[in-house]
Amino acid sequence: MVRSGPMEAGGDLSRMGAALGLGQLGRVQKGTLLLVATVGLALIAIWAVFFRDGNPVLAFAGLAVLAVALVLALLAIVDRYRVETESLRALVLMADDPAACFITDAAGRLIQRNQAAEDRFGADVRALHDALGQHVLNPGELMLRLQSQAELWGAAREDIVGHSSILRLTVHRASDTKSFWRVDEFAMPEDLATMAERTERPVVAVGADLEDVPVAIMTFGPDGVMRVANHAARELMWRGEIRAAMFHDLFEGLGRPVSEWLADVVAGRHPGGSEVLRVRGEDERFLQITLRRYVEGGRPGALAILNDATRLK
Numbered sequence: 172m173v174r175s176g177p178m179e180a181g182g183d184l185s186r187m188g189a190a191l192g193l194g195q196l197g198r199v200q201k202g203t204l205l206l207v208a209t210v211g212l213a214l215i216a217i218w219a220v221f222f223r224d225g226n227p228v229l230a231f232a233g234l235a236v237l238a239v240a241l242v243l244a245l246l247a248i249v250d251r252y253r254v255e256t257e258s259l260r261a262l263v264l265m266a267d268d269p270a271a272c273f274i275t276d277a278a279g280r281l282i283q284r285n286q287a288a289e290d291r292f293g294a295d296v297r298a299l300h301d302a303l304g305q306h307v308l309n310p311g312e313l314m315l316r317l318q319s320q321a322e323l324w325g326a327a328r329e330d331i332v333g334h335s336s337i338l339r340l341t342v343h344r345a346s347d348t349k350s351f352w353r354v355d356e357f358a359m360p361e362d363l364a365t366m367a368e369r370t371e372r373p374v375v376a377v378g379a380d381l382e383d384v385p386v387a388i389m390t391f392g393p394d395g396v397m398r399v400a401n402h403a404a405r406e407l408m409w410r411g412e413i414r415a416a417m418f419h420d421l422f423e424g425l426g427r428p429v430s431e432w433l434a435d436v437v438a439g440r441h442p443g444g445s446e447v448l449r450v451r452g453e454d455e456r457f458l459q460i461t462l463r464r465y466v467e468g469g470r471p472g473a474l475a476i477l478n479d480a481t482r483l484k
């Protein structure tokens, strides 16, 4: 089932496609067509009034301009039909998607959402910012970052550590003013989630096996020694190889030693957050690293979520 956002829920797929407005002509396009048609009619009118018995060049020119306007209008209608057809197909697919799916306008207001989104984030949420704000810090910054990437590449994805789970947020451009969002959620190991819920500080606990979590995760001690790199992280960094490493041997590029950033997060002097760092030894490869402080067996450390950010550079 697909739910509407600010508008009334329900209605058939054709009404939902119309509500999306993904294929409608923008004001600029409509204005251009009107201007071209007006110029064509003006040329014909000038010929009819002043040159009717003379050279018909102006009349031919006017007819040519009108023909161009007609072709542009037909192309716009075909494009509108194509986009609306794709939109309806997306709505059908997302209706039964087990992951939470949203379609938003440029401001992040909900236009459509599926049943999974309503079950997970509530029926009263009117903006994606509010839905994500229930689970992650700085949802506005996150959305802006992903939308900027999607404008360049058509789509973007990022894994985020939530309060009690790991979220994979994916966005696709549906049109110049619409975005399609999908939120996949992966459960944290039980003891990790339990510790995160029991503390008011930005601390998580890592004591269970993260190997099969489908998100690239590393953990580091306060001295920068890598403690854990799960399968997804090893695939991202070393094509699956198992290696020993130090944080400062893996990454660089903050304008100050990355080991200081790590130490500040572990000590609680810095709340963590995301930074785009260069993979040391690979000048053209960048990763977005999100750090959070964690505690394991009474020992503090830093949990790092890795996302490929090479295309952003």
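Quick note on numbering: the sequence shown equals residues 172 to 484 in the numbering used here.
The beta carbon of each residue, even a glycine, is placed where N, CA and C say it ideally should be.
- [ ] With a threshold of 16 other CB atoms inside 10 Å of the CB of ALA287, please say whether the residue is buried or exposed.
- [x] buried
Task: Continuous alpha helix (DSSP H) stretch holding ASP479: start and end - done: It is not in any alpha helix (DSSP H) - ASP479 instead sits in the beta strand (DSSP E) that spans 470-479.
Task: Unbroken stretches of the beta strand (DSSP E), 3 residues or longer, contained in the segment 247-331 - done: 271-276, 281-285
- [ ] Reducing DSSP to helix, strand and coil, say where GLU412 ends up.
- [x] coil
TODO: Please confirm whether PHE457 and ARG463 have their CB atoms less than 7 Å apart.
DONE: no
- [ ] Measure the C-alpha to C-alpha separation of GLU446 and LEU425 and round it to an integer number of angstroms.
- [x] 8 Å
- [ ] Could you please give the first and the last residue of the uninterrupted beta strand (DSSP E) stretch that includes ASP394?
- [x] Looking at the DSSP string, ASP394 is not in any beta strand (DSSP E), and its letter there is neither H nor E.
Task: Collapsed DSSP secondary structure at ALA358 in the structure displayed - done: strand
Task: Check whether GLU329 and LEU340 have beta carbons under 7 Å apart - done: yes
- [ ] Leaving aside the five residues before and after GLY197 along the sequence, list all residues of the same chain whose C-beta is less than 8 Å from its C-beta, in chain order.
- [x] Unreliable placement is indicated for GLY197, whose pLDDT of 47 sits below 50; the coordinate value is still reported in the next sentence. Contacts found: ASP347.
TODO: Could you tell me how far apart the beta carbons of GLY472 and ARG414 are, in whole angstroms, since I believe they sit closer than 8 Å?
DONE: At roughly 18 Å, the Cβ-Cβ gap does not stay under 8 Å, so GLY472 and ARG414 are not in contact.
TODO: Pull up the CB-CB distance for ARG451 and ASP479, whole angstroms please, since I reckon it's below 8 Å.
DONE: Between ASP479 and ARG451 the Cβ distance is about 16 Å, and since that is not below 8 Å, they are no contact.
Open item on the list: Is the beta carbon of SER350 closer than 7 Å to that of THR275?
Closed with: yes
- [ ] Go ahead and pull the three-state DSSP assignment for LEU196.
- [x] Only weak support exists for where LEU196 lies, its pLDDT of 44 falling under 50; the value from the coordinates is given anyway. LEU196: coil per DSSP, three-state reduction.
TODO: Using the Cα positions of LEU474 and MET389, report the straight-line distance between them to the nearest angstrom.
DONE: 6 Å
- [ ] Quick one: grab the DSSP three-state call for HIS343.
- [x] strand
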